[in-house]
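Take a look at the structure below.
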Amino acid sequence: IQERLKDKEVTEGQAATLRCELTKAAPVEWRKGSTLLKASDKYKMRQEGTVRKLLIQDVELKDAGEYTCVCGEQETTAALIVHALPALFKEDLKDLQATESQTATLRCELSKAAAVAWRKGNKTLRASEKYIMRQEGALAELEIRDLELQDAGDYTCVCGEQHSTASLTVK
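Going by UniProt numbering, the sequence shown opens with residue 1, and the numbers climb by one from there.
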């Protein structure tokens, strides 16, 4: 192996290319940890003269780790470091009008599954019989039961540095 693999840093969703150069053209195997990789939509193996490349498409956090190019008795290993993208709001909360004693549900959608917190004004809400908090993948919901006039106000869904706010009116 003439030129060894180098560690690579990418952000999730990007493609990553690992390359090494052999002293002469020869077949190679690619491994992630101890797992032999096969060509697929995810992994593309390229040969250009004595250069060998592994292309990893649409990188996810779970793709991080050690990758090895094996050529006969020789091998070279490098780390793939994957940086997470922050979750963003794909769909914001919408203002809502509801009637006393009814239930109101505020919904938002994130770009990916991530933990959220709910606030009314600047007070963080806790799950209770009044506040039902649900999360399924990237969808987050806050259900406010047995509405009273004092439940009216601004509600915010917070995810990391991102947030979305909507106003609840109770009649």
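For glycine and all other residues, C-beta sits at the position ideal for the given N, C-alpha and C.
Nothing here was measured: the structure is a model prediction, and the numbers come from that model.
Enumerate in chain order the residues of its own chain whose CB-to-CB distance from leucine 1 is below 8 Å, with the five nearest sequence positions on each side excluded.
One-based indexing of the sequence shown puts residue 1 at position 1. According to the sequence displayed, residue 1 carries isoleucine and not leucine. Counting only residues of its own chain and dropping the five nearest sequence neighbours on each side, isoleucine 1 has a CB closer than 8 Å to the CB of Cys20, Glu21, Leu22, Thr23, Cys69, Cys71, Gln74, Glu75, Thr76.
Between the C-alpha atoms of residue 179 and histidine 83, what's the straight-line distance to the nearest angstrom?
The question about residue 179 has no answer here: the residues shown for the chain are numbered 1 through 171.
Relative to the alpha-carbon of alanine 39, which residue among Thr50, Leu55, Ala25, Lys90 has its alpha-carbon at the smallest distance?
Within the sequence shown, residue 39 is the residue found at index 39, counting from 1. The shortest Cα separation from alanine 39 among Thr50, Leu55, Ala25, Lys90 belongs to Leu55.
By a C-beta neighbour count over all protein chains shown, 10 Å radius and 16 as the cutoff for buried, is alanine 15 buried or exposed?
Counted from its first residue, the sequence shown places residue 15 at position 15. Classification of alanine 15: exposed, given that the 10 Å Cβ count is below 16.
Taking the straight line between their C-alpha atoms, what separation do you get for alanine 114 and glutamine 102?
Residue 114 sits at position 114 when you count from the first residue of the sequence shown. Residue 102 sits at position 102 when you count from the first residue of the sequence shown. Looking at the two C-alpha atoms, the distance is approximately 29 Å.
Less than 8 Å between the CB atoms is what I'm expecting for glutamate 60 and lysine 90, so what's the real figure, rounded?
As a first step, residue 60 must be located in the sequence shown, where it is residue number 60. As a first step, residue 90 must be located in the sequence shown, where it is residue number 90. With a Cβ gap of about 18 Å, glutamate 60 and lysine 90 do not count as contacting.
Expressed to the nearest angstrom, what Euclidean distance is found between the alpha-carbon atoms of leucine 149 and alanine 117?
Counting from one through the sequence shown, the residue named residue 149 turns up at place 149. Counting from one through the sequence shown, the residue named residue 117 turns up at place 117. So the alpha carbons of these two residues sit roughly 23 Å apart.
Tell me the residue span of the beta strand (DSSP E) that contains serine 164.
Taking the first residue of the sequence shown as position 1, residue 164 is located at position 164. Serine 164 -> beta strand (DSSP E) spans 162-170.
Please classify residue 251 as buried or exposed, where buried requires at least 16 other C-beta atoms within 10 Å of its C-beta.
What is shown of the chain runs 1 to 171, which leaves residue 251 out entirely.
Which parts of the segment 34-75 are runs of the beta strand (DSSP E), unbroken and 3 residues or longer, counting only runs that do not cross its ends?
43-48, 51-56, 65-71
In the DSSP output, which residue or residues are listed as bridge partners for leucine 80?
Here residue 80 corresponds to residue number 80 of the sequence shown, with the count starting at 1. Per DSSP, Lys8, Gly65.
Closest to glycine 121 by CA distance: which of Trp30, Leu5, Val158, Thr35 is it?
Numbered from 1 along the sequence shown, position 121 holds the residue referred to as residue 121. Here the closest residue by C-alpha is Val158.
Kindly identify the DSSP beta-bridge partner or partners of arginine 134.
Position 134 of the sequence shown, counted from the start, is the residue given in the question as residue 134. In DSSP, arginine 134 forms a bridge with Glu141.
From the DSSP output, in three-state form, read off glutamine 97 for me.
On the sequence shown, residue 97 is found 97 positions in, with the first residue counted as 1. In this structure, glutamine 97 counts as strand in the three-state DSSP scheme.
Could you say which of Val51, Ser111, Thr169, Thr105 lies nearest to glycine 160 if we only look at CA atoms?
Locating residue 160 in the sequence shown gives position 160, counting from the first residue. Looking at the Cα atoms, Ser111 is the closest of the given residues.
Any idea which residues DSSP pairs leucine 106 with across the strands?
For this step, residue 106 is matched to residue 106 along the sequence shown. DSSP lists Leu142 as partners of leucine 106.
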